[in-house]
Every structure is written in structure tokens, then in C-alpha cells.
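Beneath this line is the structure, given in C-alpha cells, with notes to follow.
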Amino acid sequence: MASPQSVSTISLRGIVASVLVGLGVLHLLVAVGRAHDWALEGAILAVAGLTHLLAAVGFVVSTRPRLYAGILVWLAVAAASLVYTRTVGYPFGPFSGYAPTLSSYEFTILGLSLVAGALVGCVLLVDVDVI
610 MASPQSVSTI
620 SLRGIVASVL
630 VGLGVLHLLV
640 AVGRAHDWAL
650 EGAILAVAGL
660 THLLAAVGFV
670 VSTRPRLYAG
680 ILVWLAVAAA
690 SLVYTRTVGY
700 PFGPFSGYAP
710 TLSSYEFTIL
720 GLSLVAGALV
730 GCVLLVDVDV
740 I
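According to our numbering, the stretch in the sequence shown is residues 610 to 740, in order.
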């Protein structure tokens with residue numbers, strides 16, 4: 610029988626993977642609609658969604674701290690890109706300089722990204738060998 614510590618740690622990894630899957634699915638769902646307005650934005654969102662899904666799989670099957678750190682950096686870059694485009698505007702393309710308002714979708718993405726980043730940071734702080 611597993612010790613309570615290993616059960617809680619495995620649960621933490623499962624929670625992180627679940628949040629990453631949620632982020633990936635949300636990105637993939639919106640990618641198609643955004644591609645109708647601007648194909649490159651739709652493609653970027655689709656790649657972001659797939660990257661989140663791959664990160665979830667990597668988080669479950671690996672205990673490498675460098676992978677976890679890479680996932681943390683990815684989450685930060687993705688969230689910063691969203692904040693940048695919604696405050697400063699798109700840096701290029703047909704909507705260059707236009708900054709759309711933050712919708713409930715973007716708030717959900719930012720919230721899940723912050724939660725995932727905090728949890729990945731917590732996992733990095735514990736001994737990875739016992740996870």
C-alpha cells in the first residue's frame with residue numbers, strides 16, 4: 610500500500626495534468642473560430658493547445674525537473690503573450706495595434722495558467738524522486 614505522501618504527490622501531478630489538459634482543450638476549441646478572422650492566429654492557438662496537451666502527458670510520464678521548468682516557462686510565455694495582445698495590441702498582422710478587451714474566455718485562460726504555474730512551481734519545490 611502506498612504511503613499518504615506518495616498518494617498526495619501523485620494527486621498533485623494529476624491535478625496539474627488536468628489543468629494543462631483543460632488549457633489545451635480551451636485553446637483548441639477557440640482556434641477554429643479565430644482562424645476564420647486570421648489564419649495565423651488560429652494556427653498559433655492550435656499549436657498552443659497541442660503544446661499544453663503534450664505538456665500534460667510529459668508531466669504525467671516524466672519526473673525530470675528540467676521538463677517541469679520548461680512547462681513553467683511555457684505557461685509564463687503563453688500567459689504573457691495573451692496579456693500583451695490584450696493590453697498593447699497585436700504586434701503584427703491584420704489587427705496590428707488593435708487590443709481587444711479581455712473576455713471571460715481570456716480571464717479563464719489566465720486563471721488556469723496561473724493555477725497551473727503555481728502548481729508546477731510547487732512540484733519543482735518538492736523532491737522529484739518521490740513524485
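Using N, Cα and C, we set each Cβ at its ideal position, and we do this for glycine too.
Assignment of Tyr693 by DSSP, reduced to helix, strand and coil, places it in the helix class. Distances from the alpha-carbon of Gly706 to those of Ser713, Ser712, Val697, Tyr714 put Val697 closest. For Tyr707, the secondary structure class from DSSP, reduced to helix, strand or coil, is coil. Runs of the beta strand (DSSP E) lying entirely within the segment 635-696, each at least 3 residues long, are absent. Short of 7 Å from the beta carbon of Leu663, and not among the five residues preceding or following it, lies no beta carbon of its own chain.
Contact annotation, Glu650 with Ala657: C-beta distance approximately 10 Å; criterion of less than 8 Å not satisfied. Under DSSP, Tyr699 forms a beta bridge with Ser705. Annotation for Val729: the continuous alpha helix (DSSP H) segment containing it runs 713-734. Of the residues assessed, Phe668 falls on the buried side of the cut-off, its CB having 16 or more other CB atoms within 10 angstroms. About 13 Å separates the Cβ atoms of Ala687 and Val628, ruling out a contact at the 8 Å cut-off.
Of the other Cβ atoms in all chains shown, 16 or more fall within 10 Å of the Cβ of Val639; this residue is therefore buried. Between Val625 and Ala665, the alpha-carbon positions lie close to 7 Å from each other. Setting aside the 5 residues that flank it on each side, Leu721 is surrounded in the same chain by Val628, Gly631, Leu632, Leu635, each with a C-beta closer than 8 Å to its C-beta; the list follows chain order.
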